[in-house]
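Okay, structure first, notes after.
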Amino acid sequence: MAENSGGKKSNPATWRQGTQLVRGGQERTAFNETSEGLFLTSGYVYETADEAERAFKGDLDRYMYSRYANPTVAMFEKRLALLEGAKKCISTASGMAAVFAALASQLQAGDRVVASRALFGSCHYIINDQLPKFGIETVLVDGTDLDQWKQALSQKTQCVFMESPSNPSLEIIDIRAVSELAHEAGARVIVDNVFATPILQHPLELGADIVMYSATKHIDGQGRTMGGAILTSDMDFFDDQLTPFFRHTGPTLSPFNAWVMVKGLETLDVRIARHCENALAVAEFLSKQKGINKVLYPGLESHPQFELAMTQMSSGGTMVSFEVDGGKEAAFNFLNSLRLIDISNNLGDAKSLTTHPATTTHQRLTPEERHVIGISDGLVRLSVGLEDVDDLKEDLDQGLGQAKA
Ligand SMILES: *Cc1c(COP(=O)(O)O)cnc(C)c1O
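As C-alpha cells, this is what we get:
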C-alpha cells in the first residue's frame, strides 16, 4: 500500500520516543482517517492473474493473505520496531507463540540451547519438554551467576534464552555480559523482555539479537487482547528462518487484536511511568510491613542486583513480588482478604492483579525446581496497576492483617 501520511513529510526515524509511540508506522487510506484503520480482511484481490503470479514469485511486494501480512498488523509491527530500534518485527497471536517461533524457526536436531532457569512456566515447558523431543539439547543455568553461563557456553551453542527481570522472582541477568559469552559460543541471544517492557530496557542495545514480547501484558495494558512480537535486526535470521516459519505455521496476530495493540502503544510510556511510580511506592510500603519475609523489586536498594538493574533498566518496573510469612496458608488468607486488588494470573493491566505463582503459573514445576528459582509457598506476585496508590496500600495493609488469622 502506498504510504499516505496525510501530506506530512516528517521522517519517523528522527522522532523521539513519545512521537514514535503515537504516530509510528501509521499508513492512511485514501479516506485520510485520523485513527489507524482496522482491516478485517483475510485476503486481497489481484487485478490480473499475472499480478497474482508475480506476487507469489516474490517479484511484487504486496498484501497477499493475512496469515502473511495485514495492513493493521503491519502498523503495529512498524510502530513497535521503531520503539525497539529493530529493523524488523513479526507479531504473533500470543507471547508464547512468539517464544516458540523464535526458537523453533532456527533450531534443528543436534543443536544446543542454554537458558536461564528462572523462566515463566510456559517458557520452561517449551525449553525443557518440547525442544528435547526434537533432539535439541537444553541446559539451564542460574542466570545471575556469570560463571555458570561461562561454563555452559564453553562449547558451541545455537541459542541463548533469558528472561530479565524474571517472572516471578525478578532476577536480573547481565544481558551485555551474557551476550558477549553467547556470541563467542556462536549463539544468538533471545531476551524475553515482557517484565521490562520496551520502555524500560532495550536488549538489542545491550547486545541481544532477538527480543520478544507478550503484547498481552503492558502493550495492550488494559487486559483485553492476546498478542506477541519478535523483534530483530539480524536479517539472516529474519529472512531465512523466521519469515518462512511464520508464514507456513501460522501463529498470526488477528487484525482486531493488532488494532487494540497499536492504540495501546500510543499511551504506553505514560502508563508505564505511572505503573512504575506506583510499584516503587508499593514496594517501599511493603518493606516496612510486619508479616513479610522479603520484598523483591529491582528498584529497591535491598534487591540483590539493584545496581545491575539500574544500569540496564531505566526504572524498577511494574511488578513486585513478596513472601508472606506463614507459607501457603498465610498467602491464601492474604489473597482471599483483598477487597480491591484482584486475584488473576495476568499482569501489566491497568487494574492491580495478584497471583500465587507456586499454585498457578509455576504449578507444573516440581517443588525442587520451584525452590531453586525462589518460588516459595509464601511468595505472592503483584502486578501494580494504575489505581490511586493510597487505595492499593490500604488494601494491602488490611490483607496482610488477615494473613495470619
Ligand atoms: C505472559 C508471559 C509470556 C507469555 O505471553 P502470552 O501472551 O500469555 O502467551 C511469556 N513470558 C513472560 C515473561 C510472560 O510474563
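In terms of this note's numbering, the sequence shown opens at residue 104 and continues consecutively. Glycine residues also receive a C-beta, built at the ideal position from the N, C-alpha and C atoms.
| query | result |
| --- | --- |
| Residues near T144 by beta carbon distance below 8 Å, same chain, minus five either side | S169, N173, P358 |
| Whole-angstrom distance between Y149 and A155, CA atom to CA atom | 6 Å |
| Under the three-state DSSP convention, the category T469 falls into | coil |
| Helix, strand or coil at D494 according to DSSP, with G and I counted as helix | helix |
| Three-pair Cβ contact test at 8 Å for the stretch 158 to 166 versus the stretch 310 to 325 | no |
| Span of the alpha helix (DSSP H) around L183 | 174 to 187 |
| Host alpha helix (DSSP H) of A152 (start-end) | 152 to 160 |
| At least three beta-carbon pairs within less than 8 Å, the stretch 259 to 274 to the stretch 208 to 224 | yes |
| Distance cut-off 6 Å: D153 Cβ against heavy atoms of ligand 1 | no |
| Span of the alpha helix (DSSP H), counted from its first residue to its last, around Y149 | Run containing Y149: none; DSSP gives neither H nor E here. |
| Beta-bridge partners of C192, as assigned by DSSP | L334 |
| Supposed close pair F437, V483 - CB separation, criterion 8 Å | 7 Å |
| Same chain only: Cβ atoms within 8 Å of E308, ignoring 5 sequence neighbours per side | G188 |
| Classification of G502 by the beta-carbon crowding that lies within 10 angstroms, buried from 16 upward | buried |
| Reduced DSSP secondary structure (H/G/I, E/B, other) of A218 | strand |
| Continuous alpha helix (DSSP H) stretch holding L438: start and end | 430 to 440 |
| Buried versus exposed, by CB contacts within 10 Å (16 or more), N360 | buried |
| Limits of the beta strand (DSSP E) - the one that K569 falls within | Here the chain covers residues 104 to 508 and nothing more, so residue 569 does not appear. |
| Contact set for T462: own chain, Cβ-Cβ below 8 Å, skip 5 residues either direction | K431 |
| Close Cβ partners of D250 (< 6 Å) along its chain, the five nearest in sequence each way excluded | none |
| Inter-residue spacing [alpha-carbon to alpha-carbon] between K393 and S424 | 15 Å |
| DSSP three-state assignment for I302, whether helix, strand or coil | helix |
| F264 - DSSP class collapsed to helix/strand/coil | strand |
| Environment of F341 [buried if 16+ CB atoms lie within 10 Å] | buried |
| Beta-carbon spacing of W252, V244 below 7 Å | yes |
| Collapsed DSSP secondary structure at Y316 in the structure displayed | strand |
| Three-way DSSP call (helix, strand, coil) for F425 in this model | strand |
| Close beta carbons around V492, own chain, < 7 Å, minus the five adjacent residues each side | N381, A384, V385 |
| Three-state secondary structure assigned by DSSP to S486 | strand |
| Beta bridge counterpart(s) of V294 as assigned by DSSP | M265, V314 |
| Residues that Y168 bridges to, as DSSP identifies them | G146 |
| Cβ contact check for the stretch 470 to 480 and the stretch 287 to 300: 3 or more pairs under 8 Å | no |
| Euclidean distance between Cα positions of M104 and Q466 | Only weak support exists for where M104 lies, its pLDDT of 39 falling under 50; the value from the coordinates is given anyway. So the two alpha carbons sit approximately 47 Å from each other. |
| Other residues of its chain near T346: CB distance less than 8 Å, five sequence neighbours each side excluded | I193 |
| Start and end residues, alpha helix (DSSP H) containing L243 | Element bounds for L243: not the alpha helix (DSSP H) but the beta strand (DSSP E), 240 to 244. |
| Environment of M338 [buried if 16+ CB atoms lie within 10 Å] | exposed |
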